[in-house]
Structure formats: structure tokens, C-alpha cells
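Here's the structure we're looking at; comments come further down.
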Amino acid sequence: MRPPTHLPPAHPPQEPALLSPGSTAASSPGTAIPDEIPLFFECEGRPLYAVHHAPGRARPGAPVVVHCHGLGVEQITAYRAEVLCARALAAAGFPVFRYHARGHGDSGGDFAAVTLASLADDALGAAAEARRRSGAESVVWLGVRFGALVAAEAIARGARTAALALWEPVHRPPDYFRGLLRGMLFSQVAAGHAPDATVDQLLERLAEAGRVDVHGYYLHRTVFDSARDADLGSMLESFRGPTLIAQIAARPRLSPAHAALATALEQRGATVDTMCVNEEPGWHFISNPAWECPALALRMRNWLDALA
Amino acid sequence: MPWLETASDVDRARAERPVVIPTPLGRLFGIFTPPAPGAGAPGPCVVLFTRPRSHRNRMWVEGARRLAARGFAAFRFDYHGAGDSEGASGFLDPNRPYRDDAVAVLRELRERHGQTRFVLVGSCFDARTALAAFADEADAIAGMVFIAAPVMPLEDQTRVDADRKSWAHLVRALGNRENWQSLGSAERWRYMATVVSRVARKTVRGPAEPEAPPLAPSFMEHFAALVRSRARALFLYGDDDAEYQTFQVAERTVFADLDPASRRRFEIEVWPGRVHGFLEMTRSRETLDRTLRWIEALDRPAGTSAAAQGGATEAAWTSN
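Chains as they are written, first to last, in the working numbering: chain X, 209 to 516; chain R, 1177 to 1496.
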């Protein structure tokens, strides 16, 4: 049985222009967009970039969808798919708030200082801003890859949550980081170079030097250590809301980790939907053109429609 | 070292303004970074052509804020069909640059933000788009940093790049599981067929210099517009870039044919290894630093060498 979503009475009027602290852009005719508002908001003493997608039609009681993007380069590789999904949801009447966490994209902050906890801080700050702007009382979290852990941490800290969507979620960070390093070694081989280290040796370097270069991004010891003991299933132990798990991988069946999470949530009484997107976006590379997934956006919209 | 944000960087971040530019292909989203107050006489506005807007490791976000701290306005944006912008996406062919996006951005910055002089920066497709802007806006462009872009049709670049390969390279490639997996793609099959046929032909005919394919007509058109302008330009490649193999043809032809005064406006730097793609931190930071230094030195007399400007390391790598 599905828990009820928290429904606000109505959406307040949206800001008619693009605003950031000290901005004069509001007076520019070229910047007046009523439905999609790029902005900066303050979060823990630094500016974070976001885009607020106002709903295209009235849908009383709709929650606001807040995106938690992936870590490092994965923020970029799934970006366009997230944008198109946000537009589809907004057109269906759901406000959406996409933000760049500290150390990512156009936001302030050092990537070197990012931790799972700081990402969750930003997620909670973004949710507060999203609710303020949209008037929604509750949040639907969209966690993409490492962002799934961020959303789970935000939920565990008590964020008012109506539902949770996960795109190819990371379950255990150590496995994820090892996969990241393994992928880099594979690409060295593909380029005709013999790798100069194993994954274990790279992890030793990470521990000693504090960072390892992975495809033009540093993997920092700070974030590795911060997430070392995290486990998505454990973090969601208190969550019983509707959940969508979207596997995005070139395999026909749900992976054992995704299936186990779905089973655990269902055993706690959550309604769980799953889907398999049989694609490999190439999470660590910027593809040309950027990865888009209309089927995923459509499924997200239908899932939210059903919840509402 | 990774970028560690300074108080000045945070101030510049706070001053940034999102901008939306209406175009026939959809609204373009970008970020305008105004120059820091008190940074001296404002320099030209630096337009960062980049995909995505921040690029790997946020190198152009850092670039915009560092430039702003030194008195340059900066603007980074998403092309139509990319990032936050509207419009349909598609394969980005460097030989079909998004000239209309580039022109729309420069005109918006002029009409709404009071910017009149520009320096354009881009890599690969983005460099070709920056170059394309000269066809319409040459008088407003003071300089351009053109990084590791192909200058001939992509199929010809594949052939030129294949001519560098050998049987030993193919044997190594066959031993890689991912290469076998990628053969599910028709495009990869075509690439592999091209490489094998070029290597085989080299074996049969000997290592004679292959006939150079022609430069892309779009590059020729836009390069001619650059030459007609008064702008200076830095062309930056890695000697291991596939794109550099195509650029060498340009060096032997269109650059060699320039009159001395025009030629002096253009610097060519070729660094060991790869520049294209920014897939390695040290190299991407070197590229960013070189780009920012070149922009800062732009108002010095044309023809002043990198070494004379204190760029001793790069000077050792400079071919022209």
C-alpha cells in the first residue's frame, strides 16, 4: 500500500526572471523566462547553481522533484538526460529543482573537499529552496548514481519525502570507486598503454597521496573515506515510500544489488517499481551527442502520475 | 594541484549572473561572470565555447572566475540541444560548427551586457565554432585560443590518423576485450576497416608520404575570415593528438601561404603527448594556465614570443 504524498494547496507565483545575488539580469528582456529559472542560492555560505522548472500546468498538491546528480564527471554524463526528464515532469505539472552540489558544475566550493555528508547538506539546502520556490510540501528525490546515496542520506536525516527515484544507483561506494579505477585501467589498455598499477595499487596511492587522477578528475581520499562505510540499503532502512529503481546498464535483468534493494523495500511495505534501460551511457566519458533517454523520462512521468 | 577555491573565486561566483538568450533554435543558457571591481581597466570579454558548460573538472568555471578576478568579463554557455539549453541535440561535427549560436551569444553580450571586444576560447568542436564566429563578427574579436581541433572532414582525419598506426598497434588493439565489444557498432567497424586497410597499404607500398587529404571547406572559409581580421590567435595541439595530424596539413598549406604580417598574429604551440580531450589532470591544468596567460598577454605587441612573456616551459615546446 502506498503512503500518501504530501500535497500543498497551490503553487505560488514564480519569479519572472533569472536572478542571482547582485543580479541585474531581471531587467533584460532576453532573460525573462517564466517556466525555467536558472539561479544561484546560498547554501552553507557558498553559492549553488540551480534551475527551477515551474510546472507547465496546475496540479494541486504536486510534490517538487529534486535531482541529486552523480559524482564528478557523472554529473556531466547524465546531465542532458536529467534536463529532458525535468522538462517532461514540469510539463506534466510537477515542479522540478535541479542543482549543482558544491564543487560541481557552476556552484562554489572545492571538489577536493566534497564528502557524502556535504553532498547531503547541499541536497537538504536544495530541497528547502525547492519547496520555498514551488510551494510544495514534500519532495520526490531523484538520485542518479552516487546521487542515490546522497538522496538516501537526506531521507535518513528526516527530509520530508514523498517518493524516491533511483537511476542506476550506487549501492556500496568502495565497489563503485574500484569500478571507476578499473575502467580507467581498461581505457589505458585500449589506448595501447600498459597500465602502471593495479586497482589495489591505485587505492594505495589514493591513501598515501590523497588523490588519484581518473580521466581528468581527481578521485580524492576525502570523498572516498567519507563514503567508505555507506550502504544504500542500510541508509534507506527507515524509508517506506514509493520507489522507482531504474537500471541503466547493458544487461536484460535487474542486477542482484538492485533486486535485493527492491525486495528489502517491499518487505518493509514500500511500493517498488523497476525498469531496465538497456543502455551503457559511458558514465566516465562525455559522449557526442550527450546521452539522452526519452524512455526513462516517460517512465518517470508515468510513475509520478500514478503516485499523484 | 587541483583547483582550490580562493575568497576571490567565491566573490566572483557570487557575482555571476545566469543569462538566457533566445535564438531560433531554442533558448541558450549561459553564465556571465562580470570583471571584479577594482581589477583595473576592463579587458575584452572572454567567451568560453565549451561542452558541457563547465567541462571536465570544471576547468572553464575556474577559468571564468580567475579571468574575472583579473579584469576580464567571461561568459560560458550551453549550445542549443546541450546542457541547460533548449533545442534538439545531434552529433557535433566540428566541420559543421554552431556558428549561429556563437553569433547570437556575441550579439547578446554586446546589446545587453555592453561588451564590445571579445576573446574566444574553444577546444575541438568548440574551437571550430569559435573560429566560425569570425565570418560574422571578425571586427569585434581581438583574439582566439584554438585548442586541438580537427581541420578536415572527420573521415579524412580517420585516414590520416590510421596512417600513423602499424601492425604492432593492431595486435595490441586485438588483445583488448573492449575493442571486440565495441565492434557491435557499425561506426567502429568502419573505423577498424579503415585502419586495417591503411596499414596494409603502407606495408605493400612502403612508408612513402601519403597524399594529404584536403582541409575542410568550412575551416578554409572561417580561417580566411580570421586572416582578414586583426585578431591574434593561439593554436595549441599535442603531437599525439589525432587532430594534430590534420592541422599539420594546414601548417604546410594555408599557414605557409600567409603574408608575414598576418602570420605574425598567429602562434602555434605543439606540446608533447596529448592535449585533446582533457582526460589527464596535469595536462588540462597546463592548458588552462596557458590559455589564461595568453589572454592576459593579448594586448602586448603581436609577435612577442611566449618565452619573452615568461612562458619558458611552453616556449621549449613551441614549433612556431
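All C-beta atoms, glycine included, are put in the ideal place defined by N, C-alpha and C.
With a threshold of 7 Å between beta carbons, N486 of chain X makes no contact with chain R.
Counting C-beta pairs with one atom in each stretch, the region 384 to 393 of chain X and the region 408 to 422 of chain X have three or more that are closer than 8 Å, which means they touch.
The continuous beta strand (DSSP E) containing S1299 of chain R extends over residues F1294 to S1299. Around the C-beta of T1458 of chain R, fewer than 16 other C-beta atoms lie within 10 Å, and the residue is accordingly described as exposed.
When C-beta distances to chain R are compared with 7 Å, the residues of the region 271 to 301 of chain X below that value are V281, I284, Y287, R288 and V291, in chain order. In the structure shown, E244 of chain X adopts extended strand secondary structure according to DSSP, grouped into three states. When DSSP reads this structure, T1209 of chain R sits in a beta bridge with R:A1250.
D421 of chain X has X:Y426 as its beta-bridge partners, per DSSP. Nearest Cα to V1321 of chain R within the set R:R1229, R:F1395 and R:T1467: R:T1467. Inter-residue distance for D243 of chain X and G264 of chain X is about 7 Å (C-alpha atoms, whole angstroms). In the displayed model, P1393 of chain R falls within a helix according to three-state DSSP.
Between the alpha carbons of Y426 of chain X and V407 of chain X lies a gap of roughly 15 Å. Scanning R:R1203, R:I1323, R:F1395 and R:A1401 for the CA closest to the CA of I1444 of chain R turns up R:I1323. Around the beta-carbon of M1177 of chain R, fewer than 16 other beta-carbon atoms lie within 10 Å, marking it exposed. Counting the other Cβ atoms within 10 Å of the Cβ of N1271 of chain R gives 16 or more, which makes it buried. According to the DSSP assignment, F302 of chain X belongs to no beta strand (DSSP E), since it is labelled neither H nor E. Interface residue (Cβ-Cβ distance to chain X less than 7 Å): R1275 of chain R is not classified as such.
Contact with chain X is found for P1228 of chain R, since one of that chain's Cβ atoms lies less than 7 Å from the residue's Cβ. Fewer than three pairs of CB atoms, one per stretch, sit closer than 8 Å, so the region 326 to 334 of chain X makes no contact with the region 1203 to 1211 of chain R. Annotation for D1302 of chain R: F1225, T1226 and R1227 place their beta carbon closer than 7 Å to its own, counting only its chain and skipping 5 residues before and after. Residue ranges of uninterrupted alpha helix (DSSP H) with 4 or more members, entirely inside the region 444 to 516 of chain X and ordered along the chain, are 464 to 475 and 502 to 515.
Going by beta carbons, G1219 of chain R and G1247 of chain R fall inside the 7 Å limit. Interface annotation, S1265 of chain R: in contact with chain X, CB-CB separation under 7 Å. Nearest to A286 of chain X by alpha-carbon distance, out of X:P497, X:L504 and X:W491, is X:W491. Interface with chain R (7 Å Cβ-Cβ cutoff): A465 of chain X is excluded. Under the Cβ criterion of 7 Å, D318 of chain X is counted among the residues facing chain R. Per the Cβ contact rule, the region 1250 to 1267 of chain R is in contact with the region 1206 to 1213 of chain R (3 or more Cβ pairs under 8 Å). For T1422 of chain R, the enclosing alpha helix (DSSP H) covers residues A1418 to A1426. If you compare the alpha carbons of X:L372, X:R254 and X:D433 with that of A415 of chain X, the shortest gap goes to X:D433. If you keep only unbroken alpha helix (DSSP H) runs of at least 4 residues inside the region 1262 to 1335 of chain R, you get 1275 to 1289, 1301 to 1308 and 1310 to 1313. With contact defined as three or more Cβ pairs closer than 8 Å, the region 1232 to 1248 of chain R and the region 1184 to 1199 of chain R are in contact. One thing to note: T482 of chain X has its Cβ within 7 Å of the Cβ of L462 of chain X.
Sixteen is the threshold: since fewer than 16 other Cβ atoms of the shown chains lie within 10 Å of the Cβ of T471 of chain X, the residue is exposed.
Along the region 252 to 268 of chain X, going in chain order, the ones with a CB nearer than 9 Å to a CB of chain R are G253, R254, P255, Y257 and V259.
The beta carbons of A262 of chain X and L247 of chain X sit no closer together than 7 Å.
I1444 of chain R is bridged by DSSP to R:F1411.
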